[in-house]
Amino acid sequence: MLQQSLSQSLHSISFPDCCRLRQRPTCSRVPTSSGVRWPPARGKCLPSKQSVLLQASTLDTPLPIETVEAERPVGLVQEHEEASTSGMDGIPLETKLGISVRVQNLYKNYYVKDTVFKAVQDVTLDFPANQIIALLGPSGSGKTTLLRLIAGLESVTDGQIFFGDQDATHMPVQHRQIGMVFQSYALFRHMTVAENISFGPRIQDLDIDEEARVEALLKMVELPGYGEHKPPQLSGGQRQRVALARALACNPQLLLLDEPFGALDPEVRKSLRDSVKDIIHKVGVTSILVTHDQEEAFDIADKVVIFNRGRIEQVGTPKEILERPATPFVMNFIADVNQLPSTSQFVKRMGMKTEKSHVMLQPTVLIMREVPETKSTCPATIVDKLNVGWLVKYFLVFDDDVKMEVHVRREDDAKYYSNFDVRQRVHVQVDASEMMAFNRDEIDSSPLG
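For the sequence shown, counting from 1, position 263 maps to 262 in numbering that gives the first Met the number 0; every step adds exactly one.
As structure tokens, then:
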């Protein structure tokens, strides 16, 4: 997990002189306006900046990545920056277009004894400024590794990473100006919500009105008045809103979201997804979301990148990918599909000829008729019928014992198939362009070793 790597990376981060830790703290309280009191068991404290870093590094909760962005490297500037003190419905926050990111011919290998695991293989990808890009794929597909490389938490085996026009391949983590939101929130339990949000700006000595910034961010994430609460007093959805506010507090040029909705129940996830998408677009920060959830990716992202076995399978808008999956893996991954032998009666009747072993097609593209309308139809028997949410699912068996499903929207079922029932004979047809031939190894999602 990215969260675990952040904690480990603290030992290798070179902090500016103003942030270095003393070994022998001399007071029992952080002398800041927030009056944060540390647990006595953690030892005595230093002046605010050193104390916060020392305390953070000893907590079970790892240090959020935005807190170690100690200074901006010379030449790394926003593309199309525009400052505003009254942009988001009067909220006094800077709004800007985030920086573009490009990875070029990127490789990442892991070596375990004599085995090489190829996590990312020859990936070239553009992340346009001010867009939400989702990295979507099964476990082990390389999406999280790519996010770690962009964050600077993993070293690149080969290839380059660019932030705007600057080569960021070997840029230290604290110089990348990124905010991060984790699945497990990574909030400091002993701090109030306001203290969590102001943590990063205080570490960086940002010249801002801290109280106004916190108030503005809480309003933006729809938690006004929650500043004095502590994380254990909040619901999962509220904690994730606080985590987003904290990530945005330092005006990052890049926001990384690592499975941010995975720990929430479905109803809260949907509501929070809509809020996060709206907030990100209002702030105008380039955002990269890692997820294995197709619905989540298609709902929130401007562009979706589908990964498999360390490589990109397809890049496109949600509409483009859903309507025209580019590979057998993509079609199999994004939706329910029927898989049948290429030698089956149905495939032959549809006029498709292929040397590959199987054919797949989505259940939603099939059409059933009581009597054949064309020669390109194939008879089958309805063996079951289920109402599942907004869908009606028909289960068919063809004369050669091949099984398929037909999925119909409930309103279309009432309009076209109201007389269809179990044990009825029907004639099935589909446009041959909706079928995709494949061999079994083309939909393999096991990691490359």
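Where a beta carbon is used, it is the ideal one built from N, C-alpha and C, also for glycine.
Per DSSP, the continuous beta strand (DSSP E) segment holding residue 403 begins and ends at 402 to 408. Counting other Cβ atoms within 10 Å of its Cβ, residue 412 reaches 16 or more and is therefore classed as buried. Around the beta carbon of residue 372, a 10 Å sphere encloses fewer than 16 other beta carbons of the protein chains shown; the residue is thus reported as exposed. Here residue 424 is bridged, per DSSP, to 380.
According to DSSP, residue pairing for residue 359 in a beta bridge involves 338 and 435. Looking at the DSSP output, residue 311 bridges to 306. Taking 8 Å as the upper bound for CB-CB distance, residue 308 and residue 138 are not in contact here, some 12 Å apart. For residue 393, the pairing in a beta bridge is given by DSSP as 384 and 405. For residue 365, the secondary structure class from DSSP, reduced to helix, strand or coil, is coil.
By the criterion of a C-beta distance shorter than 7 Å, residue 131 is surrounded in its chain by 276, 279, 286, 288, 299, 300 and 301, once the five residues flanking it on both sides are discounted. Between residue 431 and residue 353 a beta carbon distance of about 10 Å is seen, past the 8 Å cut, so the two are scored as non-contacting.
Here the C-alpha atom of residue 145 lies approximately 37 Å from the C-alpha atom of residue 405.
Across the set 429, 227, 345 and 255, the C-alpha of 345 shows the shortest separation from the C-alpha of residue 398. Residue 161 is a Cβ neighbour of residue 100, given a cutoff of 8 Å. Residues of the same chain with a CB within less than 8 Å of the CB of residue 272, apart from the 5 flanking positions on each side, are 260, 295, 298 and 299 in chain order.
The three-state secondary structure of residue 247, taken from DSSP, is helix. Its chain contains 289 as the residues whose beta carbon lies nearer than 6 Å to that of residue 143, once the 5 sequence neighbours on both sides are disregarded; these appear in chain order. In the three-state reduction of the DSSP assignment, residue 412 falls in the helix class, which pools H, G and I.
By a beta-carbon distance limit of 8 Å, residue 219 contacts residue 244. Their separation comes to about 7 Å. By the beta-carbon neighbour count (other beta carbons within 10 angstroms, threshold 16), residue 201 is buried.
Assigned with DSSP and collapsed to three states, residue 282 falls in helix.
According to the DSSP secondary-structure assignment, residue 184 is paired through a beta bridge with no residue. With a cutoff of 8 Å on beta-carbon distance, residue 112 and residue 156 are scored as not near each other. A straight-line Cα-Cα distance of about 24 Å links residue 359 and residue 415.
Distances from the CA of residue 440 to each of 424, 370, 255 and 356 were compared; the closest alpha carbon is that of 356. Under the 10 Å beta carbon count, residue 388 is surrounded by fewer than 16 other beta carbons and is classified as exposed. Taken through DSSP and simplified to helix, strand or coil, residue 190 comes out as coil. Residue 349 sits close to residue 429, with the two beta carbons spaced by under 8 Å. Taking residue 362 as the centre and dropping the five residues before and after it, the same chain places the C-beta of 335, 337, 404, 405 and 406 closer than 7 Å to its C-beta, in chain order. According to the DSSP assignment, residue 133 belongs to the beta strand (DSSP E) that extends over 131 to 135.
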